[in-house]
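Residue numbers (the numbering used here): 45 to 301. For every residue, glycine included, the Cβ atom is placed at its ideal position computed from N, Cα and C. Read the structure below first, then the notes.
See below:
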């Protein structure tokens, strides 16, 4: 019994290590092919429109209600200590440091990441990727590289929008609804938010954009040749990306503090 358990653990460990190695090689090959001409700027703009612009509505909606909830909960928590004037800094620091990058990346994963996996997976199943190879067009350069670049550009922009909308959502609830002084709300933000906080949020958003594009494209590119395999790959892409975002957020936070 013990031997069987150890053997199963060893097989699982070897599989995970092999999968990590394949993912790293996939990322390295994608970056290497992107540096070779042609650069395909039209494909990058197309993917930037898909990842960035088409995800903006769900990001803005999520940001507004996240900021409003922070304003509501923060007001009643701070009121116990007579510190309602610090509501602005509490909302802004929460949004800029943690909630903005993480929630925006999760929303992009749910909307755009799953679609990228399904798109590339369908191309794999219908042998369109093999057709690109036949026409001497590298699939990594044509399909994956533009999505990777668009993720690196689009996700930080969406995070910036998330932060601004979330802070204003907290303002609407805290100032307009609950009566916190508007001047103290904005002045507490100005005094509490430092460049280190903004820099950390930017670094997180760039890394999250890379994770979303990388993992979702990888899962789609190596989809099993069946409809069930496509569904499994899409599910695995969303789950794995979400987990990696949360785990990487912890490590970055521990380093940046």
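Indicate the three-state DSSP secondary structure (helix, strand or coil) for residue i in the structure shown.
i, result
"residue 83", "coil"
"residue 120", "helix"
"residue 158", "helix"
"residue 210", "helix"
"residue 268", "coil"
"residue 223", "coil"
"residue 171", "coil"
"residue 59", "helix"
"residue 113", "helix"
"residue 282", "helix"
"residue 139", "helix"
"residue 202", "helix"
"residue 194", "helix"
"residue 166", "helix"
"residue 234", "helix"
"residue 179", "coil"
"residue 252", "helix"
"residue 244", "helix"
"residue 101", "helix"
Which whole-angstrom value is the C-beta distance of residue i and residue j, which I expect to be below 8 Å?
i, j, result
"residue 199", "residue 149", "6 Å"
"residue 111", "residue 211", "6 Å"
"residue 232", "residue 133", "4 Å"
"residue 293", "residue 146", "6 Å"
"residue 157", "residue 285", "6 Å"
"residue 78", "residue 193", "7 Å"
"residue 144", "residue 195", "Their Cβ separation, rounded to whole angstroms, is 16 Å, which puts residue 144 and residue 195 out of contact at 8 Å."
"residue 185", "residue 66", "About 18 Å; that fails the 8 Å criterion."
"residue 169", "residue 267", "6 Å"
"residue 202", "residue 99", "6 Å"
"residue 214", "residue 105", "Actually they are not in contact, since the Cβ atoms of residue 214 and residue 105 sit about 15 Å apart, beyond 8 Å."
"residue 131", "residue 224", "5 Å"
"residue 228", "residue 129", "4 Å"
Between the region 232-243 and the region 173-188, do at least 3 Cβ pairs fall closer than 8 Å? With the rule of 3 Cβ pairs closer than 8 Å, the region 232-243 does not count as touching the region 173-188.
Measuring CB atoms only, is the region 267-277 touching the region 147-155, in the sense that at least three cross pairs come out at less than 8 Å? Here the region 267-277 makes no contact with the region 147-155; the two share fewer than three CB pairs at distances below 8 Å.
Counting pairs of beta carbons, one from the region 131-151 and one from the region 75-92, are three or more of them closer than 8 Å? Taking a cut-off of 8 Å on C-beta distances, the region 131-151 does not touch the region 75-92, as fewer than three cross pairs fall below it.
Between the region 70-80 and the region 168-175, do three or more beta carbon pairs fall short of 8 Å? Inter-segment contact for the region 70-80 and the region 168-175 is absent: fewer than three beta-carbon pairs are separated by less than 8 Å.
Given 8 Å, three or more beta-carbon pairs between the region 204-218 and the region 163-172: Using a Cβ-Cβ distance cut-off of 8 Å, the region 204-218 and the region 163-172 are not in contact, since fewer than three pairs of beta carbons, one from each stretch, lie closer than that value.
Is the region 239-248 touching the region 291-300 in the sense that three or more CB pairs, one from each, lie closer than 8 Å? Yes: the two stretches touch, three or more of their Cβ pairs being nearer than 8 Å.
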